[in-house]
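Visitor: Counting with numbering that gives the first Met the number 0, you get residues 0 to 449 for the letters of the sequence shown. Glycine is no exception: its CB is placed at the ideal position from the N, C-alpha and C atoms. It should be emphasised that the depicted structure is a prediction, and the values quoted were computed from it without experimental measurement.
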Amino acid sequence: MVELDSVMLSRMLTAMTLIFHIIFATIGVGVPVMISIAELIGIKKKDRYYSLMAKRWARGFTIIVAVGVVTGTAIGLQLSLLWPSFMQLAGKVIALPLFMETFAFFFEAIFLGAYLYTWDRFKNPMTHWWLSIPIIIGGTLSAFFITTVNAFMNTPAGFNMEDGVINAINPIAAMFNPATPTKVFHVVSSAYMASAAILATIAAVTYLVKRDQEYAKRALKLTVTATLVFSISTAIAGDLSAKFLAEHQPEKLAAGEWHFETEEGADLVLFGTLGEDNEINGAIRLPNMLSFLAYGDFNAEVTGLDQIPDDEEPPLWIHYFFDLMVSIGMFVLGITFLYVLMTYIKRWNPHNKWMIWALTSIGPLSMLAIEFGWIYAEIGRQPWILRGFMTVAEGATTSPHVGAMFLLFFLLYFVLGVGTLVVLRKMFKNHPAEIELEHLYKEVDKGGER
């Protein structure tokens, strides 16, 4: 029976906040890229369907950003309330990226306001498009700075510790710690992928309900192609991440792959269950593939859990989350590749019922893959909150009121989640794209007459 002490409740509240926030943070990073691409295509091709896509996506994006601000603020608050010992130890080391993340958000918000309120205000539409670039930069920089904090927790750098006190702080070295390059690449790429996939799902659902067919077809072509491109980059990022783990966090890789004994030519274990004495049952084994995944060499030696102290082993159930993350990634990659291939082969219909139904799933699945990936990353660092320096139990609050906080934040997230869905539904349900396009044509025609 799990004891619901202050440490466990702090972990549960932080997990709930991150799981909820990641949805909005991911969309906040990736959707500006899709808005910018759609507007650029609309300008270059003089295609008002793509211009309308950019407008509609931008409207929905503002709601996501607003909720993301609330959930992001909750994370900052909880760092101090739930993990005071951690912030006392490491707060001054990670202060720079935390401040810069806030600065990047305000930078994005300023240009987002200018972007939203200057549609059709410039003679040259490219002038308006250029306003989308700072929004992309601001959103991506926000992801970069906050991800460096998480990377620091995995591979602490940029300080010395004497008698439990941190000194000789180098905030730049802390920010650009060994985990930063692969972690940032993976986070940003997967955010772009999931955002494109979510927009593809929306387009597929629109097509299935037989609304805005021409608009939906164009949206599908753009979003599915983008999802394919970003799926490939995410797969590359995942490969680099595995190689990083093999060198810097072998316990996380070993636990995620159920690799119990250090050996050369290690097998990659997919799926399966664990029996008594960690006996693996019903798994698919790919000979020598873990060695190749970790080092690019089929005969390389891969560190097993036999080399890790028992009290530093991550929970073995993270294996399931790793498998789910990778399986979803491969499914999305395969479906999007098939759709793009079908668009180039005339005798194949990329908009057949089965393909469209498959595309309706890639958005939710991509978001689930991100959630599973973060669970793998965070639980795989256990028992540490700051690897090698402080455990989760040492960093948590001893307050008896965490349970009440959990209920209050749960209520907040429930209201925010329901409210977001209601607002987005009201925003688009009775305003189909085809009607908006007619209004757009009339406005342009009136402008031409003037």
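Would DSSP call residue 393 helix, strand or coil?
Guide: Sequence index remark: in the sequence shown, residue 393 carries index 394 (1-based). Helix at residue 393.
Visitor: Shortest alpha-carbon distance to residue 364 belongs to which of 200, 188, 271?
Guide: Locating residue 364 in the sequence shown gives position 365, where the first residue counts as 1. Of 200, 188, 271, the residue nearest in Cα terms is 200.
Visitor: What residues in its chain sit with their C-beta under 8 Å from that of residue 224, if we drop five residues either side in the sequence?
Guide: As a working mapping, residue 224 is identified with position 225 in the sequence shown. Cβ neighbours of residue 224 beyond the five flanking positions: 335, 339.
Visitor: Under DSSP, the beta strand (DSSP E) around residue 331 begins and ends at which residues?
Guide: Sequence index remark: in the sequence shown, residue 331 carries index 332 (1-based). From DSSP, residue 331 is part of no beta strand (DSSP E) but of the alpha helix (DSSP H) over 317–343.
Visitor: What does DSSP give as the partner residue(s) for residue 166 in the beta ladder?
Guide: The sequence position of residue 166 within the sequence shown is 167, counting from 1. BP columns for residue 166 point to 159.
Visitor: Would you kindly report the start and end of the unbroken beta strand (DSSP E) that includes residue 283?
Guide: Numbered from 1 along the sequence shown, position 284 holds the residue referred to as residue 283. Its beta strand (DSSP E) spans residues 283–285.
Visitor: May I ask you to list the residues that DSSP assigns as paired with residue 301?
Guide: In the sequence shown, counting from the first residue as 1, residue 301 sits at position 302. Its beta-bridge partners are 262.
Visitor: I need the boundaries of the alpha helix (DSSP H) containing residue 128, first residue and last residue.
Guide: On the sequence shown, residue 128 is found 129 positions in, with the first residue counted as 1. Note, residue 128: alpha helix (DSSP H), 124–129.
Visitor: Are there three or more Cβ pairs, one per stretch, closer than 8 Å when the segment 172–187 is compared with the segment 88–102?
Guide: A contact exists between the segment 172–187 and the segment 88–102.
Visitor: Would you decide whether residue 75 is buried or exposed? Buried here means 16 or more other CB atoms lie within 10 Å of its CB.
Guide: On the sequence shown, position 76 is the one that residue 75 refers to. By the neighbour-count rule (16 or more Cβ atoms within 10 Å), residue 75 is not buried but exposed.
Visitor: By how many angstroms is the C-alpha of residue 425 removed from the C-alpha of residue 168?
Guide: Mapped onto the sequence shown, residue 168 falls at position 169. Mapped onto the sequence shown, residue 425 falls at position 426. So the alpha carbons of these two residues sit roughly 50 Å apart.
Visitor: Keeping to the same chain, check which residues put their C-beta closer than 7 Å to that of residue 519; ignore five residues upstream and five downstream.
Guide: Shown here, the chain extends from 0 to 449; a query on residue 519 therefore has no answer.
Visitor: Bridge partners for residue 280 per DSSP, in chain order?
Guide: Numbered from 1 along the sequence shown, position 281 holds the residue referred to as residue 280. For residue 280, which the question treats as bridged, DSSP gives the partners 272.
Visitor: Less than 8 Å between the beta carbons of residue 206 and residue 219, yes or no?
Guide: Position 207 of the sequence shown, counted from the start, is the residue given in the question as residue 206. Position 220 of the sequence shown, counted from the start, is the residue given in the question as residue 219. Yes, they are a contact pair.
Visitor: Quick check on residue 235 - is its C-beta less than 8 Å from some C-beta in chain D?
Guide: Chain labels in this structure do not include chain D; a single protein chain is all it has.
Visitor: Would you mind reading off the limits of the alpha helix (DSSP H) that contains residue 227?
Guide: Within the sequence shown, residue 227 is the residue found at index 228, counting from 1. Run containing residue 227: 212–247, per the alpha helix (DSSP H) assignment.
Visitor: In whole angstroms, what is the alpha-carbon distance linking residue 351 and residue 342?
Guide: Here the question's residue 351 lines up with position 352 in the sequence shown. Here the question's residue 342 lines up with position 343 in the sequence shown. About 11 Å.
Visitor: Helix, strand or coil for residue 111? Go by DSSP, reduced to three states.
Guide: Residue 111 sits at position 112 when you count from the first residue of the sequence shown. Note: residue 111 maps to helix in three-state DSSP.
Visitor: Could you tell me the boundaries of the alpha helix (DSSP H) in which residue 406 lies?
Guide: Taking the sequence shown and counting its residues from 1, the one referred to as residue 406 is at position 407. Where residue 406 is concerned, the enclosing alpha helix (DSSP H) stretches over 401–427.
Visitor: Compare the Cα-Cα distances from residue 208 to each of 355, 303, 274 and report the closest residue.
Guide: Residue mapping note: residue 208 aligns to position 209 of the sequence shown, counting from 1. Per the Cα distances, 355.
Visitor: Tell me whether residue 6 is buried or exposed, calling it buried when 16 or more other Cβ atoms sit within 10 Å of its Cβ.
Guide: Against the sequence shown, residue 6 aligns to sequence position 7. Residue 6 comes out buried.
Visitor: Let's see if you can read the secondary structure: which residues bound the beta strand (DSSP E) around residue 3?
Guide: Mapped onto the sequence shown, residue 3 falls at position 4. Unbroken run through residue 3: none, as it is neither H nor E.
Visitor: Could you give the C-beta distance for residue 12 and residue 111, rounded to a whole number, given that I count them as a contact under 8 Å?
Guide: By one-based count along the sequence shown, residue 12 stands at place 13. By one-based count along the sequence shown, residue 111 stands at place 112. Not quite, the Cβ-Cβ distance comes to about 30 Å (not below 8 Å), so this is no contact.
Visitor: Helix, strand or coil for residue 383, going by three-state DSSP, please let me know.
Guide: Start at 1 with the first residue of the sequence shown, and residue 383 comes out as number 384. In the structure shown, residue 383 sits in a strand (DSSP, three-state: E or B).
Visitor: Can you confirm whether the segment 234–253 touches the segment 65–74 when touching is taken to mean that 3 or more C-beta pairs between the two stretches lie within less than 8 Å?
Guide: Counting Cβ pairs under 8 Å, fewer than three are found: no touch.
Visitor: What is the rounded straight-line gap between the Cα of residue 358 and the Cα of residue 233?
Guide: Position 359 of the sequence shown holds residue 358. Position 234 of the sequence shown holds residue 233. Those two C-alpha atoms are separated by around 18 Å.
Visitor: How many whole angstroms separate the CB atoms of residue 253 and residue 179, which I take to be in contact at a CB cut-off of 8 Å?
Guide: The residue given as residue 253 occupies position 254 in the sequence shown. The residue given as residue 179 occupies position 180 in the sequence shown. Going by Cβ atoms, the distance from residue 253 to residue 179 rounds to 22 Å, so no, they are not a contact pair.
Visitor: Got a sec? Which residues, its chain only, sit under 8 Å from residue 165 by beta carbon, not counting five neighbours each side?
Guide: The residue labelled residue 165 in the question sits at position 166 within the sequence shown. Answer for residue 165: 88, 89, 91, 92, 158, 159, listed in chain order.
Visitor: Checking 8 Å against the spacing of the C-beta atoms, do residue 261 and residue 305 come in under that value?
Guide: Your numbering for residue 261 matches position 262 in the sequence shown. Your numbering for residue 305 matches position 306 in the sequence shown. Taking 8 Å as the Cβ cut-off, residue 261 and residue 305 qualify as a contacting pair.
Visitor: Output yes or no for whether 8 Å exceeds the beta carbon distance between residue 282 and residue 33.
Guide: Looking up residue 282 in the sequence shown gives position 283. Looking up residue 33 in the sequence shown gives position 34. Contact flag unset, no.
Visitor: Since residue 151 and residue 412 should fall inside the 8 Å C-beta cutoff, what is the C-beta to C-beta distance between them, to a whole number of angstroms?
Guide: If you number the sequence shown from 1, residue 151 lands on position 152. If you number the sequence shown from 1, residue 412 lands on position 413. Actually they are not in contact, since the Cβ atoms of residue 151 and residue 412 sit about 26 Å apart, beyond 8 Å.
Visitor: Cα-Cα, which of 214, 127, 399 is closest to residue 116?
Guide: Residue mapping note: residue 116 aligns to position 117 of the sequence shown, counting from 1. Here the closest residue by C-alpha is 127.
Visitor: Check this for me: beta carbons of residue 197 and residue 26, under 8 Å apart or not?
Guide: Within the sequence shown, numbered from 1, the residue matching residue 197 stands at position 198. Within the sequence shown, numbered from 1, the residue matching residue 26 stands at position 27. For residue 197 and residue 26, yes; Cβs fall inside 8 Å.
Visitor: Is it buried or exposed for residue 16, if we count other Cβ within 10 angstroms and need 16 for buried?
Guide: Counting from one through the sequence shown, the residue named residue 16 turns up at place 17. Classification of residue 16: buried, given that the 10 Å Cβ count is 16 or more.
Visitor: Might you give, ordered along the chain, the residues of its own chain that have their beta carbon closer than 7 Å to the beta carbon of residue 378, omitting 5 neighbours on each side?
Guide: As a first step, residue 378 is located in the sequence shown; it is residue number 379 there, counting from the start. The answer, listed in chain order, is 313, 314, 317.
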